[in-house]
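Reading through the structure tokens given below for one structure.
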Amino acid sequence: MTVCNATVPDKDASGDNLYGDVICSQTYIDYFWETYGFEGNKSYWDDGFGWENPCDTSKPLARTFNACYLLTYSAEDYRNDDWDAPMLNWARRYVRENTSRHRAKCGDGSAIAASFRGWFIKNRVELYRGFFFKHTVPERAGTLVHEARHQGGKSHNDEFPPGSIYGEGRDGADSDWDFQGAWMYNALYLWWFYAEGARTTSAMKQRAKHRGNLIINNAFAEHPGFTI
Ligand SMILES: [Zn+2]
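All residue numbers for the sequence shown refer to the numbering used here, where the first residue is 33 and numbers rise by one.
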């Protein structure tokens, strides 16, 4: 059964075969479910989204768990998630402590993810088809960090620059790198993963580098002045 009429792209290229072999263990499944805001949200992950088979990497849940694995275990000394450690270490803690709910929905096809937060709404991150089926595993992990930054209270504060793939003049950019917004967190995480990531492959690191540079070149009103 397909969900949201999605076609599943090459799972070697996306990293879903690589990580999918690892996450298919009850220990990991339980850990991710309890740690990253799935618990209590089962109704958003069943009926084709993967709850019935969390090892099936054609389904959204296993593809999200793959990103949870990358997020959790890519630092060589992953047990250290102290804030003084590199971001590769503490990003998992940042997501864990800021995002209390992850929910899956189809979305319009192009949508990746969205953060909802406020007084009279349930704080939550929604993940859509673009996240599940267009992103590679490292890109998904970067998006979990991005949305957690929004859950942590940081919204975008500027417009996309001239030539941006996200649409020149549209809202949704960060003003600059020092703003330390969701795009900076996203790109910085991918940078660390590219530079120091463990339990992965050079192909995955190249995906992270590519995506990080795409963000750096398109998502800041003022270009940071460097690339990865
Ligand atoms: Zn954002």
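Glycine included, each C-beta is placed from N, C-alpha and C at the ideal position.
Residue i Cβ short of 7 Å to ligand 1 heavy atom set
{"i": "His188", "result": "yes"}
{"i": "Ala173", "result": "no"}
{"i": "Ala219", "result": "no"}
{"i": "His134", "result": "no"}
{"i": "His182", "result": "yes"}
{"i": "His178", "result": "yes"}
With 16 other Cβ atoms within 10 Å as the buried cut-off, status of residue i
{"i": "Ala123", "result": "buried"}
{"i": "Trp224", "result": "buried"}
{"i": "Ala45", "result": "exposed"}
{"i": "Ser75", "result": "exposed"}
{"i": "Ile197", "result": "exposed"}
{"i": "Trp77", "result": "buried"}
{"i": "Arg111", "result": "exposed"}
{"i": "Gly82", "result": "buried"}
{"i": "Thr89", "result": "buried"}
{"i": "Ala230", "result": "exposed"}
{"i": "Ser57", "result": "exposed"}
{"i": "Thr59", "result": "exposed"}
{"i": "Gly52", "result": "buried"}
6 Å Cβ shell around residue i - same chain, five flanking residues per side excluded
{"i": "Trp215", "result": "Asp206, Ile247, Ala251"}
{"i": "Asn189", "result": "Ser207"}
{"i": "Phe261", "result": "Here the chain covers residues 33 to 260 and nothing more, so residue 261 does not appear."}
{"i": "Arg243", "result": "Glu171, Leu222"}
{"i": "Ser38", "result": "The sequence shown places Ala at residue 38, not Ser. Excluding sequence neighbours, Ala38 sits near Arg161, Phe165."}
Check: residue i C-beta below 7 Å from any heavy atom of ligand 2
{"i": "Ala214", "result": "As presented, the structure is devoid of ligand 2, carrying ligand 1 as its sole ligands."}
Cβ-Cβ distance between residue i and residue j below 8 Å
{"i": "Arg168", "j": "Gly47", "result": "The sequence as given places Thr at residue 168; Arg does not occur at that position. Yes, these two residues count as a Cβ contact at 8 Å."}
{"i": "Gly201", "j": "Phe192", "result": "yes"}
{"i": "Ile260", "j": "Lys241", "result": "yes"}
{"i": "Ala94", "j": "Pro86", "result": "yes"}
{"i": "Asp113", "j": "Arg125", "result": "yes"}
{"i": "Glu254", "j": "Pro118", "result": "no"}
{"i": "Val127", "j": "Leu102", "result": "no"}
Cβ neighbours of residue i in the same chain (closer than 7 Å, five flanking residues each side left out)
{"i": "Arg156", "result": "Arg133, Arg135, Phe148"}
{"i": "Ala145", "result": "Val157, Glu158, Leu159, Tyr160, Phe163, Thr175, Glu179"}
Discussion item. So within the stretch 117 to 163, which uninterrupted beta strand (DSSP E) runs reach at least 3 residues, ignoring any that extend past its ends?
Written reply: 134 to 136, 145 to 148, 156 to 159
Item to complete: Any chance you could list the beta strand (DSSP E) runs of at least 3 consecutive residues sitting entirely within the stretch 182 to 225, in chain order?
Response: Runs of the beta strand (DSSP E) lying entirely within the stretch 182 to 225, each at least 3 residues long, are 203 to 205 in chain order.
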